[in-house]
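Asker: Using the working numbering, the first residue of the sequence shown is number -17, and each one after it goes up by one.
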Amino acid sequence: MIRVGFVELFNVPTSSEPTPQENCKVQITSQSSLQDSPSIVYANGNYYLAYQSHEKGYGIFLKKFDSDWKKLKKVQVTSKSSLQDRPSMTYAGGYFYVAYFSKETRDYDIFVKRLDSNLNLASWKKQITSESSSQSYPFITFVNNQFVISYASTESGTRGIYMKKYSSTWNFIEKTKVIASSANERRASHTWDGSNFWVAYVYNHGDSKDWNIFAITPGCADVPSPTPSSSCCPTIEVTAGTEAYFPGDTVYITIALAGRNCCLQLRKPSPVSLIAPNGEVIVQQDLASLFSGSICPGTHSKFGMPFKLLEDAPSGYYDVKVSLSGGECTKTVNDVFFVDWL
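#1: List in chain order: all unbroken beta strand (DSSP E) runs of 3+ residues lying wholly within the stretch 237 to 306.
#2: Judging by CA-CA distance, which residue of G39, S177 and R68 is the nearest neighbour of I22?
#3: Is it right to say L292 is buried, meaning 16 or more other beta carbons lie within 10 angstroms of its own, or is it exposed?
#4: With distances taken from CA atoms, which of F124, S163 and Q267 is nearest I143?
#5: When the Cβ atoms of the stretch 153 to 161 are set against those of the stretch 102 to 111, are three or more pairs found closer than 8 Å?
#6: DSSP on K85, reduced to helix/strand/coil?
#7: Our contact map puts S116 next to D89 with C-beta atoms below 8 Å; I'd like the distance itself, whole angstroms only.
#8: By Cβ distance below 7 Å, which residues in the same chain neighbour Y77 in space, the five residues on each side in sequence not counted?
#9: Could you check if N194 is buried or exposed, using at least 16 other CB atoms within 10 Å of its CB as the buried criterion?
#10: Between the Cα of V318 and those of E219, G308, D301 and C311, spot the shortest distance and give me the residue it belongs to.
#11: Consult DSSP for N26 and reduce its assignment to one of helix, strand or coil.
#12: Does the Cβ of H172 have 16 or more other Cβ atoms within 10 Å, making it buried, or fewer, making it exposed?
#13: Between the C-alpha atoms of N26 and W323, what's the straight-line distance to the nearest angstrom?
#14: Can you check which of these residues, N166, G139, E167 and Y79, is closest to F124 by C-alpha distance?
#15: Is the stretch 279 to 290 in contact with the stretch 228 to 246, if contact means three or more CB pairs nearer than 8 Å?
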C-alpha cells in the first residue's frame, strides 16, 4: 500500500497489479511490507513513481506505467543495507533524477541518482551533502535550467531548511539558508512563481503541540522569531537504543544533560514525550521522577527511560521532546527512531 502522512489513499485489493478503479484511482503497490513516501512524474506519455519500500530492507524503488496504468517496469534504485528514504523525483533532459536521504555515511546525507526513460540505472550518483550533521527530507525540481534541492539540515544545531542549486550539468552554483530557528523546520517543498522561489515547510516551536505550515522566500527577514532559551538550560542530547522498532516494542531512550552557565533545578513536571509521525504525543514520562537535583556547569548526567509502544503504533519516524522544569528548557529531537510494521 502507499501511504502519505499515514492516510491510506485507497483500500488494498488482492490483485498484485495496479487496478484502475472507475478510471480515476489505481493501486500502485500491494506487497505485505510497508511502502511509503511516493513521488510521481508524468513524462513522455508514461507515469513514473518513486517510493520507499521495506520489501528488501529500507530502499528506494521506481515503477513505470503506460498511459492506461499498465505496469511496464520496476527497478530498485538503491541497494544499500542502511536506510534510504523520502525520495523526490524530477525529469530533465531525458533523465529521471531521484533525490533521497541515506545513512550509508556516518550521518544522514542526501544523494541523487539518475535513470534514463527506460529506467536503466546509470552509474552516475551525486552526493549533495556531506556535513557532520544530518540532512534529510529532500525535494528536487528542474527550473530555469537549474537543479534545485531544498532539504532539512541540523548543521546549525537545530533542524532548519536549506536550498542548493546546480547547473544543468550539476556544477554547484550556490547554497542558501532558507530558515533555521529553534522550531525544527522540516519537510520542505518549493515552487518557482516566475520571480521567486517559495519554500513551504513545517514549523513547531517550544511547548506548542501545534505543527503549522509556513511558506517563505529564501532570504526573507520576516520569519517567526523563536523565544530565546534560558541561559541556565543544559545541553540536551537524545538517543535511542536502536534505529528501528516494531509496534508493541519497548523503546529505550537515553537523555544526556550537560550543565552550562548556571544551575538548573530539575523539578516536576519535566516530561519526556514520544511524538508520532502525525504529531500526536503517544507516550510520556516525567524525567524528574528519576532525578530531582540540579544540573550545574561541568556536570554530565545520563538517564535511561523505557517507553512501551502501543500495539497499533503508527509507522514512521518518531521525535522525542524533552521539557525540563515546567517548560523552562525544551528541546525536540527529530527522527530519533523508526517504527516499522511487521
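The beta-carbon is built from N, C-alpha and C at its ideal position, and this holds for glycine as well.
Answerer: The relevant details are as follows:
#1: 253 to 257, 263 to 268, 282 to 290 and 298 to 306
#2: R68
#3: exposed
#4: S163
#5: no
#6: coil
#7: 5 Å
#8: R96, L97 and D98
#9: exposed
#10: D301
#11: coil
#12: buried
#13: 36 Å
#14: Y79
#15: yes
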